[in-house]
Amino acid sequence: MSAKRTTLARRLTLILLPQFLLTLVLIVYLVVSAFIFRWLDSDLATENFFNIILFEFGTLTTIGKETCTGSSPINKNKYLNVL
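Quick note on numbering: the UniProt record's numbering labels position 59 of the sequence shown as 59, and the sequence is numbered without any gaps.
The following block contains the structure:
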């Protein structure tokens, strides 16, 4: 009976571990880049931290680009917004 449990636990670990690691990497990426955005853009420095995460996630997944944009001159460039 313990051999079956060990095999099941091993299979579940092999299935779930990569998904957990990818989720962890995404969260760390979003948090670190939120601090970088706050450091680079003076208007984003006054924004709520979770609004910056929303801005990043929306831009990363291209679902919310129109609702929130940065205020630096490079973000206001119409050509770069088309890209």
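Built from N, CA and C at the ideal position, the CB exists for glycine as well.
Note that this is a predicted model, so its numbers are computed, not measured.
Taking 9 angstroms as the cut-off, the beta carbon of F55 is found closer than this to the beta carbon of L44.
A distance below 9 angstroms separates the beta carbons of L30 and L60. If you compare the alpha carbons of F49, T23, L16 with that of S33, the shortest gap goes to F49.
In terms of CA proximity to F57, L26 leads the group L26, E47, T46, F35.
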